[in-house]
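Here's the structure we're looking at; comments come further down.
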Amino acid sequence: MPNCENCGAKWSWGDAFKISFLNKRKCPECGKMQYVNSDFPPQKYIPLIIVMLIAPLIRAYLNILNIVYILFFVVLSLLALIFLPYATKLQSQPKQAKNEDKPAN
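Each residue of the sequence shown is one higher than the last, beginning at 115 in this note's numbering.
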């Protein structure tokens with residue numbers, strides 16, 4: 115679970131789930147605004163992408179029923195949503211746009 119960068123309070127699963135979609139939320143303990151850290155490494159999605167690419171091939175060779183195939187992707191999507199808050203990282207400041215980092219001429 116993510117921790118508040120300001121006070122160090124551990125967020126609940128529900129609060130972490132909400133900030134995953136809203137990208138900002140006040141800390142339930144200290145009341146300071148927290149933002150989702152957008153430097154999330156994309157390597158964490160590689161296993162999910164591999165499964166989603168291999169599943170249609172397995173279905174074609176094993177002649178799996180459509181309902182089983184759809185159920186597989188529904189369960190996979192639910193698992194991704196359940197574990198999303200565990201991968202969320204917080205920061206106290208919103209990420210600055212790249213254009214703002216460059217000095218003006």
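Note that beta-carbon positions come from the ideal geometry of N, C-alpha and C, so glycine has one too.
Kindly indicate the opening and closing residues of the alpha helix (DSSP H) around residue 166. Boundaries of the alpha helix (DSSP H) harbouring residue 166: 160 to 176, taken from the DSSP string.
Would you report the Cα separation of residue 127 and residue 133, rounded to the nearest angstrom? Spanning the two alpha carbons is a distance of roughly 10 Å.
Round the Cβ separation of residue 138 and residue 146 to the nearest angstrom and send it over; I've been treating them as touching at under 8 Å. Not really, about 11 Å apart at Cβ, beyond 8 Å.
Residue 172: buried (16+ other C-beta within 10 angstroms of its C-beta) or exposed? exposed
For residue 174, is the classification buried or exposed, using 16 other Cβ atoms within 10 angstroms of its Cβ as the cut-off for buried? So residue 174 ends up on the exposed side.
Buried or exposed for residue 62, going by 16 or more other Cβ atoms inside 10 Å? With the chain covering only 115 through 219, there is no way to say anything about residue 62.
Nearest to residue 163 by alpha carbon, out of 207, 178, 183, 191? For residue 163, the nearest C-alpha among the options comes from 191.
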